[in-house]
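K.L.:
I'd like to ask you about the structure that follows.
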Amino acid sequence: ISCNGGSNGSINLTPAGGASPYTFNWGGGITTEDRTGLAAGTYTVIITDANGCTATVNATVTQPATAVSGTTVITNISCNGGSNGSINLTPSGGASPYTFNWGGGITTEDRTGLAAGTYTVIITDANGCTATVNATVTQPATAVSGTTVVTNISCNGGSNGSINLTPSGGASPYTFNWGGGITTEDRTGLAAGTYTVIITDANGCTATVNATVTQPATAVSGTTVITNISCNGGSNGTINLTPSGGASPYTFNWGGGITTEDRTGLAAGTYTVIITDANGCTATVNATVTQPATAVSGTTVVTNISCNGGSNGSINLTPSGGASPYTFNWGGGITTEDRTGLAAGTYTVIITDANGCTATVNATVTQPATAVSGTTVVTNISCNGGSNGSINLTPSGGASPYTFNWGGGITTEDRTGLATGTYTVIITDANGCTATVNATVTQPATAVSGTTVVTNISCNGGSNGSINLTPSGGASPYTFNWGGGITTEDRTGLAAGTYTVIITDANGCTATVNATVTQPATAVSGTTVITNISCNGGSNGNINLTPSGGASPYTFNWGGGITTEDRTGLAAGTYTVIITDANGCTATLNATVTQPATAVSGTTVVTNISCNGGSNGSINLTPSGGASPYTFNWGGGITTQDRTGLAAGTYTVIITDANGCTATVNATVTQPATAVSGTTVVTNISCNGGSNGSINLTPAGGASPYTFNWGGGITTEDRTGLAAGTYTVIITDANGCTATVNATVTQPATAVSGTTVVTNISCNGGSNGSINLTPAGGASPYTFNWGGGITTEDRTGLAAGTYTVIITDANGCTATVNATVTQPATAVSGTTVVTNISCNGGSNGSINLTPTGGASPYTFNWGGGITTEDRTGLAAGTYTVIITDANGCTATVNATVTQPATAVSGTTVITNIACNGGSNGTINLTPTGGVSPYTFNWGGGITTEDRTGLAAGTYTVIITDANGCTATVNATVTQPATAVSGTTVITNISCNGGSNGSINLTPTGGASPYTFNWGGGITTEDRTGLAAGTYTVIITDANGCTATVNATVTQPATAVSGTTVITNISCNGGSNGSINLTPAGGASPYTFNWGGGITTEDRTG
């Protein structure tokens, strides 16, 4: 026995000796010589020969000691969804060597690289005995994954973001790798960007989790629009602040408790506001409101009038202060800066500078007491266009006699014979003073005239025109003369033509007016183009009507309610239309539509068929009527007039004449009553490809006896032993008439076969292939054998490879079908080209992704709803994309966008100005961050890194690095608030020639302490004991800035002195002497001391 427990043992017995024949007795009624289908055991047979002699023979049938079996050692999958499972199979029992069939063409003893599932193997030993062994490979219940809770950054550019990570799935404990050596579960102190962590479980399974920490798109900042103060000393400055960046809403702090966004009513100065966003992020913004340096003002130089009433005064105005350019308003629309040609009076001008600030300046122009003048009495013109006006002039004022100048050499005092207009005379008095007098001579406002409204004639040749006349101008009432005694204002019932009327006003003035009454150029008419009927009795006639003359648009009346311009679908006949134009004028037109005299027709002469089934009939056709030439259509592409070679039947021809009119003619060709024929009974082939078919033929019709011709020399009535096919026999009757009979011997339509629809593996290395098998041909039902004990019709869960199935139909016929399951050549993957960010904190990074492998097209998931292939406008960080191919296979690709380590910035070291008004300030600029080299723009074309020779002020430089990133740096160079100066208080010398003068000096401005140099080695601040003279001191402050101060000490112009006039004593011993004292010099008043208590100026007695 080949297999333990089987029953395929056999004993082949060979008797010998004795006398044959032999008989055999195995017991249990078994008398065969040999035995088959035996189980293991010892069998005994008694052999009896022809003489009754017997022999007993024993034979033992054995089997393998044990049945075929197998044990498995399973290594389960470490990670959910993985394929690293394995089965180690150990066969036993039966007879080695063994073979193995796992299905799908896999015949190895052991299996590796397995996904989760139950696997079945058929073990076959050397005797063909089999055992089926099942092994189940398991995997963790869920894959490793992780969820994140992100705390975003509060302020742009900050680093207070955090990620709280919660791992799940797989097998704990977990480890974490954020890159850069960071292995904590959670992250804090993060800048904006996408962070990627790889979670690894206890089995080494990993999951990649991305978390994006965001920040406000831009830092808090603010821009200002400043409206500077329009007028010096004003307070109408405004600052319009626009906060941006950060997270709204914002709060504002200008200091002094002011928290509004914008500022109004500001005086000149620099204002600082701190903007705070919703996250507490701040930005400080400065804005400077300026004003004009001085207020608007103006000075005038006046030139007065030479003559009373004159106008040669002038005012020369010089504006100053405020902001030029200036505008000027003297009133009365005068806006020049200076004024000339002025009469006497006080003139006021409002000066307005470029900011709208104003100053009012008054200037008075004077004149002599009395002016030359003149009065006029005007006699106006009686009629428009006349010249009978006059002016009577009376001069006054000034000094007579007078002279007159009307221009054009006219020097008379008065004027006559004047046309309308304004006349100017210059009166000059005896002193040459002049007065200009204007006098206007008027006339009626307009001349007599008339306008007409003409109603033209509606129809050519009519007389329903009219003229509506409206007179105007001159003086009403009016009279009218049309000629022919017609004096009405308007006219009616007029024929075409030009009509003239003379209008006369109340003053006898006349105007001639022409009016033309027109009529349509031609009367209404019309022309027709007729399309006649093509076929007698038809109704495809057309009339194409073209109206003309009169006035369009036109209307049409054909009668019977028909109002179209043209007519179609007409029968033969005469048609009448009335054309009416826009003015109601009409024209009547007739048009006649004709048709052919007679309809198309045809006659036939038929020659019938001589024998039933023949085709020697003919038809001779004669067309008539309609319009020749004719065409013919018998159907089937036959267009001849006559027909020959016809079988029996009714034939129809359509005759078409030259106009396309048709007639249908039928003709019937007949044949004898009965034709030769034959019927067959066919026995078909039982199996596709066999040759046991037969045909039993029965002839009929015609006249017997019959003969038969199957071709190939075969003349029997019936046929046998036929393969599949169509067989043709010609039956000939006694009259030589023939019939051709076909008989088809069939076989099963197709041999057994099978078609497959293969679903290939979606992802390289997968096992989701399937084969859908459809058996065909042969006779159902079918059985299937894929090997390895697999007998299903279809297959699923297949790895890549070629699979073979044997299909067996109900008759035992077989077909072998092969099907190949493929997989993508390579797994899905992707490569990236990263363009890093040019400026720290920027977002112009980009990732150019190129997917490969798998099956295109691909889809992309960067997270956050972003599904583009490439990325632009990126901030620094690591970005993760999942690429999914057309089969749903995925690959995870990471790309890191970097940025310069720090943003472009700059620091300054400022050397301030030593002396107020100086220009020795310097700024030493040190650029940092970004990517060197740097360029610098201070404005005004200055591009050096550092600045020297600077005046006081705030300087702004834009630093640009090699990537075009910029930083704006402000630096303020200061100076002492005021320049060094000094004031003096002088005590002058009391007595001419004295030296008790003193100078008390007070230094100010600059930077104390001060030093003093009066010259001659004197360095004290103040001076005493000074003689009269001018003293100069140079004050030097702590920065070395100097100021020169002059001080003059004065003394009385002369020294005190006195002169005396003495009256001597007239008599010796007398006391009538006197001294008259006159003090001089020094400074009065004087006091006197004669001694002895006498203090009078003079002395007597």
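According to the numbering used here, the sequence shown is numbered sequentially starting from 807.
Even glycine gets a Cβ: it sits at the ideal position worked out from N, Cα and C.
1) Provide the residue(s) that pair with serine 1500 in DSSP beta bridges, ordered along the chain.
2) Are serine 1050 and threonine 1020 closer than 8 angstroms when you measure CB to CB?
3) Pull up the distance between the alpha-carbon of glycine 1659 and that of alanine 871, whole angstroms please.
4) Whole angstroms is fine: what's the gap from isoleucine 1748's alpha carbon to threonine 1842's?
5) When the Cα atoms are used, what is the spatial distance from threonine 1446 to valine 1551?
6) Based on the DSSP secondary-structure assignment, which residues constitute the bridge partners of proline 1505?
7) Does the count of Cβ pairs from the stretch 1120-1140 and the stretch 1096-1112 closer than 8 angstroms reach three?
8) Please specify which runs of the beta strand (DSSP E), each continuous and at least 3 residues long, are wholly inside the stretch 807-893, giving them in chain order.
9) By how many angstroms is the C-alpha of proline 1055 removed from the C-alpha of isoleucine 1081?
10) When you compare the stretch 1734-1751 with the stretch 1595-1610, are there three or more beta-carbon pairs, one atom per stretch, that lie closer than 8 angstroms?
11) Please check the pair leucine 971 and valine 939, which I expect to be a contact at CB under 8 angstroms, by giving their CB distance rounded to whole angstroms.
12) Can you look up isoleucine 1520 in the DSSP assignment and give me helix, strand or coil?
13) Here's a check: name, in chain order, each residue in its chain whose Cβ is nearer than 6 angstroms to the Cβ of glycine 1864, leaving out the five neighbours to either side.
14) So which of Val1715, Asn1646, Thr1230 and Ala1169 has the shortest CA-CA distance to alanine 1682?
15) Can you name the start and end residues of the beta strand (DSSP E) that glycine 1061 belongs to?
16) Going by CA-CA distance only, name the one from Ser1282, Gly1279 and Val1259 that's closest to serine 1272.
17) Do you know how far the Cα of isoleucine 1520 is from the Cα of proline 1505?
18) Going by C-alpha to C-alpha distance, which of Tyr1305, Pro1283, Thr1276 and Tyr1284 sits closest to glycine 1290?
19) Since proline 1858 contacts cysteine 1797 with CB under 8 angstroms, what's their CB separation in whole angstroms?
20) Contact between the stretch 838-852 and the stretch 814-823: three or more CB pairs below 8 angstroms?
21) Helix, strand or coil for alanine 1709 per DSSP?
22) What did DSSP end up calling threonine 1142 once you bin it into helix, strand or coil?
23) Nearest-angstrom Cα distance between phenylalanine 982 and threonine 1065?
24) To the nearest angstrom, report how far apart proline 1201 and threonine 1234 are at their CA atoms.
25) Going by CA-CA distance only, name the one from Thr1480, Asn1363 and Gly1431 that's closest to glycine 750.
26) Determine the extent of the beta strand (DSSP E) in which tyrosine 1436 is found, giving its start and end residues.
27) Got a sec? Which residues, its chain only, sit under 7 angstroms from threonine 1240 by beta carbon, not counting five neighbours each side?
28) Counting Cβ pairs, one atom from each stretch, are 3 or more of them under 8 angstroms apart for the stretch 1146-1155 and the stretch 1163-1173?
29) From the DSSP secondary-structure annotation, give me the bridge partner or partners of valine 1178.
30) On the DSSP bridge assignment, give the partners of serine 1635 in chain order.
31) Do you know offhand how far aspartate 1144's Cα is from isoleucine 1729's?
32) DSSP has glycine 1669 in a bridge; who is on the other side?
33) Kindly indicate which three-state DSSP category threonine 1294 falls into: helix, strand or coil?
34) Give me the Cβ distance between glycine 1408 and threonine 1428, rounded to the nearest whole Å; I'm assuming they're in contact under 8 angstroms.
35) So, using beta-carbon positions, are asparagine 882 and threonine 948 closer together than 8 angstroms?
36) Between which two residues does the beta strand (DSSP E) harbouring glycine 1607 extend?
P.N.:
In short:
1) Thr1489
2) no
3) 54 angstroms
4) Rounded to whole angstroms, the separation of the alpha carbons of threonine 1842 and isoleucine 1748 is 34 angstroms.
5) 42 angstroms
6) Gly1484
7) yes
8) 815-817, 829-831, 841-844, 847-854, 860-867 and 875-881
9) 10 angstroms
10) no
11) With 8 angstroms as the limit, leucine 971 and valine 939 do not qualify as a contact, their Cβ atoms being about 45 angstroms apart.
12) Isoleucine 1520 falls in the strand class under three-state DSSP.
13) Leu1883 and Pro1885
14) For alanine 1682, the closest alpha carbon among the candidates Val1715, Asn1646, Thr1230 and Ala1169 is that of Asn1646.
15) From DSSP, glycine 1061 is part of no beta strand (DSSP E); its letter is neither H nor E.
16) Val1259
17) 16 angstroms
18) Considering only alpha carbons, the answer is Tyr1305.
19) About 7 angstroms separates the two Cβ atoms, so the contact holds.
20) yes
21) coil
22) coil
23) 49 angstroms
24) Proline 1201 and threonine 1234: Cα-Cα distance of roughly 9 angstroms.
25) Outside the displayed range of the chain (807 to 1907) lies residue 750, so it cannot be described from this structure.
26) Here tyrosine 1436 belongs to no beta strand (DSSP E), and DSSP marks it neither H nor E.
27) Val1178, Ile1232, Ile1233 and Thr1234
28) yes
29) Answer is none; valine 1178 lacks a bridge partner.
30) Beta-bridge pairing links serine 1635 to Thr1658.
31) 49 angstroms
32) Ile1672
33) Reduced to three states, the DSSP call for threonine 1294 is coil.
34) 6 angstroms
35) Result no, Cβ atoms of asparagine 882 and threonine 948 do not sit closer than 8 angstroms.
36) 1607-1614
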